[in-house]
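Enquirer:
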Amino acid sequence: MSLQAMDSSHVALVSLKLEVGLFDTYRCDRTINLGLSLANMSKALKCANNDDTCMLKYEENEGDSIIFTFADPKRDKTQDVTVKMMDIDSEHLGIPEQDYAVVCEMPAGEFQKTCKDLSTFSDSLNITATKAGIVFTGKGDIGSSVVTYSPSSNTDDESEAVTLEVKEPVNVNFSIKYMNQFTKATALSDRVRLSLCNDVPVVVEYPIEENGFLRFYLAPKIDDEENME
Amino acid sequence: MKVAAKKRTTGRIRKDRAATASPSSDVENAGHLIASNPGRMTPAKNTRSSRKCTVAKDISSHKITEFFQVRRSCRKTSKQINEEAKNALRDMVLKGSNERLLEVYKDVVKGRGIRTKINFDKGDFVVEYRGVMMEYSEAKVIEEQYSNDEEIGSYMYFFEHNNKKWCIDATKESPWKGRLINHSVLRPNLKTKVVEIDGSHHLILVANRPIAQGEELLYDYGDRSAETIAKNPWLVNT
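If you're matching them up, the sequences are chains A and B in order.
Counting from 1, one number per residue, gives the positions in the first sequence under full-length UniProt numbering.
Counting from 1, one number per residue, gives the positions in the second sequence under full-length UniProt numbering.
Here it is, written out as structure tokens:
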């Protein structure tokens, strides 16, 4: 099951993929596009408790809505939430295959902290990556914060390592506001992967148990003199 | 202490944001104010710059749609695709819309021939062989009559469809260009095909290889009886 959504200003794109392996039971007779308002969907999901199981159900001849069934097996309780669908015209963005110049993996929590720290100084996040390391810079009127990671080779714990693959150096700017939103997904995964290329949207990817991913695509900031200084 | 520190930083961000947002909004306000009312400068500026702040942030980044194309899903079932292809062919055959894409030319040896004014891909419908559709027995009688007249060329195309023999007689002069296409057994670029449209069948000519603009259209007449070959040796040597 795949989900795609954009923010209202069309700067960021969310792409969620949940592979069949993640589901207890999965049945889909043919490829189908379902349009839902994220706001309405989150209303439904808020009805769920942490340990509930969730079943999504859509049947073609049962009108234009999706049923979320939350079941609490301990209490033999189920809750059905029906959400009306939205006509989205079966529209989606084609994400082209991209060979990224830089791929960096690091602990998800580390990336979250870096973004948070930098956002206290700046609206924009500059990422510079070379073979020597990856540098996150937030520069504002009151000062700046610069976080540098040299690719770690001596870390014993693999999940703590920052790995960096650089084919070509990269220097890109992004709105940090969006990055901070993306890092809300930190709970999903221990690791985060950043894929970067000059003048191309960055991909911030959180793997989901080897059976899917949550990816955020963020368009770069417009390079004008003001941003460059 | 931690809380206090946090508060101070958030205070700073806000100031910082206002500072970065103001240069651009100043420029816009200046233009706006010159045009309208200088007396209301202060309140106008305040309301505008606060609104501008959110807008400015959104326009400072590229849009993701500049990088990723919006794709309207045009997935169709193969049944739908076949149906559409069939309808397109039906329209083309019935309207004769390809007729204007072909031109008649004169060849010293062969007489009239047909050239294409556009390129065709392999498998494309090119033109219909239009004439009077008749059953085999009826056609044989007519053919007999024609054979008495030396002036009449061969415009009768015999074919089999659903185990029944048919003939299209295009002897009568008409604007339909299918009847004027010359024969070639050695290098044809068209082949004949029978299609059912709305219950009746039509003989159409389809490109059997890519055809370039300006090429003469040719297909194999298929008549190989000894008698006709004797009369028309070009059936086997062109």
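Idealized CB from N, CA, C, for every residue including glycine.
1. What do you get for residue 94/B, buried or exposed, if any count of 16 or more other CB atoms within 10 angstroms of its CB means buried?
2. Listed in chain order, which residues of the segment 103–117 of chain A have Cβ atoms closer than 8 Å to some Cβ of chain B?
3. What residue range is occupied by the uninterrupted beta strand (DSSP E) comprising residue 187/A?
4. Say whether the segment 173–188 of chain B touches the segment 76–88 of chain B, bearing in mind that this needs 3 or more beta-carbon pairs closer than 8 Å, one atom from each stretch.
5. Residue 163/A bridges to which residues according to DSSP?
6. Quick one: Cα of residue 43/A to Cα of residue 67/A, how far?
7. Less than 8 Å between the CB atoms is what I'm expecting for residue 170/A and residue 101/A, so what's the real figure, rounded?
8. Would a check of beta-carbon distances place residue 79/B closer than 8 Å to chain A?
9. Residues of chain A with CB under 8 Å from residue 66/B, in chain order?
10. Distance check for residue 167/A and residue 198/A, CA to CA, integer angstroms please.
11. At the 8 Å Cβ level, is residue 35/A part of the contact set with chain B, yes or no?
12. For residue 212/B, name the three-state secondary structure that DSSP assigns.
13. Whole angstroms is fine: what's the gap from residue 216/B's alpha carbon to residue 115/B's?
14. Is the beta carbon of residue 205/B closer than 8 Å to that of residue 127/B?
15. Helix, strand or coil: which one does DSSP assign to residue 130/B?
16. Going by the C-beta, is residue 232/B closer than 7 Å to any heavy atom of the ligand SAM?
17. Apart from the five residues just before and just after residue 113/B, which ones in its own chain have a Cβ nearer than 6 Å to its Cβ?
18. Pull up the CB-CB distance for residue 210/B and residue 68/B, whole angstroms please, since I reckon it's below 8 Å.
19. Could you tell me which of 64/A, 41/A, 72/A and 62/A sits nearest to residue 49/A, measuring between CA atoms?
20. Can the beta-carbon of residue 197/B be found less than 8 Å from the beta-carbon of residue 11/A?
21. Below 7 Å CB to CB, which residues in the same chain sit around residue 229/B once its five sequence neighbours on both sides are set aside?
22. Is there at least one Cβ from chain B nearer than 8 Å to residue 222/A's Cβ?
23. For residue 45/A and residue 16/A, what's the separation of their Cα atoms in angstroms?
24. Who are the Cβ neighbours of residue 318/A in its own chain at under 6 Å, not counting the five residues just before and after it?
25. Alpha carbon to alpha carbon, how far is residue 135/A from residue 217/A?
26. Spatial neighbours of residue 128/A within its chain, please: CB distance less than 6 Å, with the 5 preceding and 5 following residues excluded, ordered by chain position.
27. From residue 54/B to residue 95/A, what does the alpha carbon distance come to, in whole angstroms?
28. Below 7 Å CB to CB, which residues in the same chain sit around residue 148/B once its five sequence neighbours on both sides are set aside?
29. For residue 166/B, write down the residues that DSSP places opposite it in a beta bridge.
30. Please work out which residues of its chain come closer than 6 Å, Cβ to Cβ, to residue 55/A, disregarding the five sequence neighbours upstream and downstream, and give them in chain order.
31. Indicate whether residue 262/B and residue 5/A have their beta-carbon atoms separated by less than 8 Å.
32. For a contact meaning CB atoms closer than 8 Å, what does residue 11/A contact in chain B?
33. Does any CB atom of chain A fall closer than 8 Å to the CB of residue 213/B?
34. Between which two residues does the alpha helix (DSSP H) holding residue 182/A run?
35. Looking at the unbroken beta strand (DSSP E) that takes in residue 71/A, where does it start and where does it end?
36. Does the distance from the CB of residue 180/B to the CB of residue 207/B come in under 8 Å?
Expert: If we stick to the structure as given:
1. exposed
2. none
3. Element bounds for residue 187/A: n/a, residue is neither H nor E.
4. no
5. 105/A
6. 13 Å
7. 5 Å
8. no
9. 219
10. 12 Å
11. no
12. coil
13. 4 Å
14. yes
15. coil
16. Of ligands this structure carries none, so the ligand SAM is not represented either.
17. 105, 107, 182 and 216
18. With a Cβ gap of about 34 Å, residue 210/B and residue 68/B do not count as contacting.
19. 72/A
20. no
21. 235 and 236
22. yes
23. 16 Å
24. Outside the shown range of chain A (1 to 229) lies residue 318/A, about which nothing can therefore be said.
25. 20 Å
26. 135 and 171
27. Unreliable placement is indicated for residue 54/B, whose pLDDT of 41 sits below 50; the coordinate value is still reported in the next sentence. Using only the alpha carbons, I get a separation of about 28 Å.
28. none
29. 135/B and 159/B
30. 69
31. The question about residue 262/B has no answer here: the residues shown for chain B are numbered 1 through 238.
32. 58, 61, 62, 63 and 64
33. no
34. 176–182
35. 65–72
36. no
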